[in-house]
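Novice:
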Amino acid sequence: MNTITEIDIKKLIEAVNSSRKYRELDLPEEMLRDLIAVNLPNSRSMAELKTNFRTALHNVIAPYLETIDYDKEIQALQAENLSLPETLEAYCLKIMAKHASTRERIPHLEAFFNTIFEIIGSPHSILDLACAMDPLCLPWIKLSPGASFKAYDINGPRVRYLQAFLSLAYPNYQAIQQDILLHPPKEKADCAFFFKEAHRLEKRQPGSTRILLDGINVSTVVLSLPSVDLKGHHSLEVFHRHLVEKALEGTTWQQEVHMVGNELLFFIHKDPA
Ligand SMILES: C[S@@+](CC[C@H](N)C(=O)[O-])C[C@H]1O[C@@H](n2cnc3c(N)ncnc32)[C@H](O)[C@@H]1O
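In our numbering, each residue carries its 1-based index in the sequence shown increased by 355.
The following block contains the structure:
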């Protein structure tokens with residue numbers, strides 16, 4: 356099957372936007388169209404395309420769909436005291452624990468960011484790509500006054516919540532809803548964080564890590580990947596080292612690798628000194 360009508364595309368998109376699983380998420384139509392387009396060549400019928408499209412969408416969104424009610428969390432923010440370091444940290448830990456990916460990092464939070472800043476120094480600008488709840492780690496990310504921090508995610512309600520949190524706790528920082536594969540952020544920054552998402556972006560589109568790395572205007576990328584599978588049974592280290600090596604093939608970019616907890620940290624220097 357290599358052609359499809361505009362009416363078919365609209366039907367597939369409409370079905371997603373009205374489904375219980377996705378209707379709250381305000382997913383950009385452009386991303387849904389992209390997922391349909393990349394699954395078109397390997398689908399022999401409309402039914403198969405529908406299945407492949409929904410599987411691809413599930414892989415992008417659902418492993419980290421959790422039970423956070425973002426509207427409720429936005430309202431609850433008003434009652435929080437985020438002006439003292441202790442209360443801010445306690446609040447951030449409480450919210451981080453609600454999301455599987457940041458929850459895994461809590462036991463290693465200090466070591467994780469200490470390792471990063473020992474290597475990259477003190478950046479003045481950070482882009483956090485596919486951020487999920489990473490901005491709740493900001494109390495452990497010691498940025499200098501005047502530094503900029505922009506966090507990108509595809510999930511609409513999550514981004515609205517993050518923006519509400521940032522405007523109270525870090526008014527100069529921003530959360531932005533954007534598909535970082537279709538639109539890698541263009542602004543120049545010292546550093547990009549790209550934590551625990553490259554392996555899933557590669558599933559969406561093989562070669563996507565390289566597309567993203569090429570598309571962003573930063574000198575250093577800190578990319579992390581899990582060193583074991585979600586159940587902790589199998590090592591993914593060789594596989595994930597290979598993923599990064601492949602993304603860097605043919606470039607002069609340098610990488611160094613560290614491990615904190617069960618996260619492999621790849622420091623990719625795009626402009627080697
Ligand atoms: C693995 S989770 C969390 C990653 C987070 N950086 C961390 O370390 O906890 C992946 C996040 O990436 C977001 N995401 C997936 N694909 C994306 C894309 N193309 N553009 C922006 N965000 C994306 C999802 O909405 C989800 O919040």
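Glycine included, every Cβ here is placed at the ideal spot set by N, Cα and C.
Predicted, not measured: the structure shown is a model, and the values here were computed from it.
In the DSSP output, what is Leu618 paired with across the bridge?
Specialist: The question names Leu, but residue 618 in the sequence shown is Glu. In DSSP, Glu618 forms a bridge with Pro581 and Val615.
Novice: What three-state label does DSSP hand Cys486 in the structure shown?
Specialist: Here Cys486 sits in coil by DSSP.
Novice: Apply the 10 Å Cβ neighbour rule to Asp508 and answer buried if 16 or more other Cβ atoms are within range, or exposed otherwise.
Specialist: Buried: at least 16 other Cβ atoms inside 10 Å.
Novice: Which residues in the same chain have their Cβ closer than 7 Å to the Cβ of Leu437, if we skip the five residues on either side of it in sequence?
Specialist: Within the same chain, Leu437 has close Cβ partners Leu443, Tyr446, Leu523 and Ala524.
Novice: With a threshold of 8 Å (Cβ to nearest heavy atom), would Met488 be considered close to ligand 1?
Specialist: For ligand 1, at least one heavy atom lies less than 8 Å from the Cβ of Met488.
Novice: Give me the Cα-Cα distance between Ile465 and Trp495, rounded to the nearest whole angstrom.
Specialist: One point to set straight first is that residue 465 is Glu, not Ile, in the sequence displayed. Computed Cα separation, rounded: 7 Å.
Novice: How about Asp483 and Pro383: do their beta carbons lie closer than 9 Å?
Specialist: Not closer than 9 Å, so no.
Novice: Check Asn414 in the structure and name its three-state DSSP category.
Specialist: DSSP places Asn414 in helix when its eight states are reduced to three.
Novice: Alpha carbons only, please: which of Ile566, Ile471, Leu412 and Val612 is nearest the one belonging to Arg596?
Specialist: Among Ile566, Ile471, Leu412 and Val612, the Cα nearest to that of Arg596 belongs to Val612.
Novice: Under the DSSP definition of a beta bridge, which residues are partnered with Ile481?
Specialist: Answer is Phe504 and Cys546.
Novice: With hydrogens ignored, establish whether the beta-carbon of Met614 is closer than 8 Å to any heavy atom of ligand 1.
Specialist: Checking the Cβ of Met614 against ligand 1 gives no.
Novice: Along the chain, where does the alpha helix (DSSP H) that runs through Ala431 open and close?
Specialist: Element bounds for Ala431: Tyr425 to Leu432.
Novice: How about the region 460 to 476 and the region 613 to 621: do they share at least three Cβ pairs that are nearer than 8 Å?
Specialist: The answer is yes - the region 613 to 621 touches the region 460 to 476, with three or more Cβ pairs under 8 Å.
Novice: Any heavy atom of ligand 1 closer than 8 Å to the Cβ of Lys505?
Specialist: Not under cutoff, so the answer is no.
Novice: Do Ser582 and ligand 1 come close, with the Cβ less than 8 Å from some heavy atom?
Specialist: No.
Novice: From Tyr425 to Leu380, what distance separates their C-alpha atoms?
Specialist: Each residue's alpha carbon lies about 11 Å from the other.
Novice: What does Gln532 pair with, by DSSP beta-bridge criteria?
Specialist: The partner list for Gln532 (beta bridge, DSSP) reads Asp508.
Novice: Does the beta-carbon of Gln532 have 16 or more other beta-carbons within 10 angstroms, so that it is buried, or is it exposed?
Specialist: By the neighbour-count rule (16 or more Cβ atoms within 10 Å), Gln532 is buried.
Novice: Where does His647 sit, in a helix, a strand or coil, going by DSSP?
Specialist: The requested residue 647 does not occur in the structure, where the chain is confined to residues 356 to 628.
Novice: For His624, verify whether its CB is less than 8 Å away from any heavy atom of ligand 1.
Specialist: Not under cutoff, so the answer is no.
Novice: For Phe621, I'd like the list of residues in its chain whose CB is within less than 6 Å of its CB, leaving aside the five on either flank, ordered along the chain.
Specialist: So the list reads Leu578, Val599, Gln610 and Val612, once near-sequence residues are dropped.
Novice: From Tyr377 to Asn397, what does the alpha carbon distance come to, in whole angstroms?
Specialist: Taking the straight line joining both Cα atoms gives about 24 Å.
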